[in-house]
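Data block below; observations after.
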Ligand code: ADP
Ligand code: MG
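Residue numbers (the UniProt record's numbering): 410 to 702.
Below, the structure written as structure tokens:
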């Protein structure tokens, strides 16, 4: 039979804004010593903003933004929402896209105005046979050095430029990381974004262990590698791309503001998407288990 204390703990969790999959989940939190944090949407707002459009020599920045935005309109990724939103604001209703394909962690592809438009990381453009002009590569490097995320867009054999988007760290994230550290946990930042953008966020939060440019399919492997080194890992995430890592972790915590895939894969859900509540959850579990023992 389930000890009453566990049920009481579960009820107390609900009051704190923590949905607990089952009373036994509280047990798994006991030995956690590491907390892996997804960047976009977990420690940052996930509402990215377009800060710049850089056109290749001779290219039209409005056409670049418009075609990139048209393809991104079919994407649910924060980067895609920023580009599509800004494109519609600046250039009006976007043209239709056909043959849309999402490449997780890389970008998106679709046909607009009769041309195949590729939008995403340099690697995706290279894979699609698009040449990246020197000037565009330099603009991408500059944007990343400033901690931004640059998304290339191109068609007909060439990258036409880049849309630069910026992420914002949530006001509550520094407190949340301090609270987790106060519980003796080592914070680790995990993201598919570029190393410089990840480093900027990590520095703002005092996190020294960073894994950047990790493809969605590889996030769970990063968790597994930590476990193989003897760490007991909690993972906090919000995206479809975090689901496998949440399932792999000793304790998976989903942001209630995140995707259904993340919530379904997690042991705990932070209902309001407030990362500070992750520390509350671990404190609650420890206290509940002390009551039993
Ligand atoms: P995170 O781990 O931070 O949630 P993702 O793995 O989802 O990031 O994405 C990693 C990177 O892949 C993004 O920073 C972006 O460069 C690129 N990317 C992902 N989705 C898109 C998209 N829809 N359009 C353009 N680029 C994308
Ligand atoms: Mg995320």
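Glycine is no exception: its CB is placed at the ideal position from the N, C-alpha and C atoms.
The model shown is predicted, which means the values in this text are computed figures rather than measured ones.
**Study point:** residue 530 beta carbon near the ligand ADP (any heavy atom closer than 7 Å)
**Key:** Under cutoff, so the answer is yes.
Review point. Between residue 693 and the rest of its own chain, which residues show a CB-CB distance below 8 Å, the 5 nearest in sequence each way excluded?
Key: Excluding positions up to five away in sequence, the list reads 418, 421, 422, 425, 427 and 435.
Review point. Near the ligand MG, which residues have their beta-carbon closer than 5 Å to a heavy atom?
Key: Near the ligand MG, residues with a Cβ at less than 5 Å from any of the ligand's heavy atoms are 447, 449, 450, 647 and 648; the list follows chain order.
Review point. When every heavy atom of the ligand ADP is checked, does at least one fall within less than 7 Å of the C-beta of residue 662?
Key: Checking the Cβ of residue 662 against the ligand ADP gives no.
Point to revise | Contact test: residue 676 Cβ vs the ligand ADP heavy atom, cutoff 7 Å | key: False, no ligand heavy atom lies under 7 Å from that Cβ.
Point to revise | Under 8 Å between C-beta atoms of residue 688 and residue 675 | key: Going by beta carbons, residue 688 and residue 675 fall outside the 8 Å limit.
Review point. Cβ of residue 600 versus every heavy atom of the ligand ADP: is any distance shorter than 7 Å?
Key: Closer than 7 Å to some heavy atom of the ligand ADP: that describes the Cβ of residue 600.
Practice item. Name the one or two DSSP bridge partners that residue 485 has. Key: As computed with DSSP, residue 485 is found in no beta bridge at all.
Point to revise | Spatial distance of residue 472 from residue 526 (CA atoms) | key: If I take the Cα positions, the gap works out to 12 Å.
Exercise for review: List the DSSP bridge partners of residue 501.
Suggested key: Its beta-bridge partners do not exist; DSSP assigns none.
**Study point:** With 16 other Cβ atoms within 10 Å as the buried cut-off, status of residue 638
**Key:** Around the beta carbon of residue 638, fewer than 16 other beta carbons lie within 10 angstroms, which makes this residue exposed.
**Study point:** Residue span of the beta strand (DSSP E) that contains residue 507, given as start and end
**Key:** 507 to 512 is the extent of the beta strand (DSSP E) around residue 507.
Point to revise | residue 634 classed as buried or exposed, judged by whether at least 16 other C-beta atoms fall within 10 angstroms | key: Classification for residue 634: exposed.
Check your understanding: In chain order, what residues of the same chain lie with their CB nearer than 6 Å to the CB of residue 647, ignoring the 5 residues before and after it?
Key -> Short of 6 Å from the beta carbon of residue 647, and not among the five residues preceding or following it, lie these beta carbons of its own chain, in chain order: 450, 451, 664, 667 and 671.
Check your understanding: Hey, residue 558 and residue 576: beta-carbon distance below 8 Å or not?
Key -> Result yes, Cβ atoms of residue 558 and residue 576 sit closer than 8 Å.
Exercise for review: Report the residue ranges of all alpha helix (DSSP H) runs contained in full by the stretch 590 to 674; include only those spanning at least 4 residues, in chain order.
Suggested key: 604 to 614, 628 to 637, 652 to 657 and 669 to 674, all fully within the stretch 590 to 674.
Practice item. Output the distance between the C-alpha atoms of residue 410 and residue 613, rounded to the nearest integer angstrom. Key: Bear in mind that a pLDDT of 41 at residue 410, under 50, signals an unreliable position, so the model cannot answer this.
Point to revise | Distance between beta carbons of residue 441 and residue 641, contact taken as under 8 Å | key: That belief holds up - the Cβ atoms of residue 641 and residue 441 are roughly 5 Å apart, short of 8 Å.
Check your understanding: Cβ of residue 494 within 7 Å of any heavy atom in the ligand ADP?
Key -> The beta carbon of residue 494 sits no closer than 7 Å to any heavy atom of the ligand ADP.
Check your understanding: Beta carbon of residue 617: closer than 7 Å to some heavy atom of the ligand ADP?
Key -> Annotation for residue 617 indicates a beta carbon at 7 Å or more from all heavy atoms of the ligand ADP.
Exercise for review: Figure out for me which residue from 607, 469 and 512 has the closest Cα to the Cα of residue 555.
Suggested key: Relative to residue 555, the option among 607, 469 and 512 whose CA is nearest is 607.
Exercise for review: Can you tell me which of the three DSSP states residue 434 falls into?
Suggested key: Per DSSP, reduced to three states, the secondary structure at residue 434 is helical.
Review point. Taking DSSP as the reference, what is the three-state secondary structure of residue 567?
Key: In the structure shown, residue 567 falls within a strand segment according to DSSP collapsed to helix, strand and coil.
Review point. How big is the Cα-Cα spacing for residue 630 and residue 467?
Key: CA-to-CA, the gap between residue 630 and residue 467 works out to about 43 Å.
Check your understanding: Would the beta-carbon of residue 614 be found less than 7 Å away from any heavy atom of the ligand ADP?
Key -> Flag unset: Cβ of residue 614 not near the ligand ADP.
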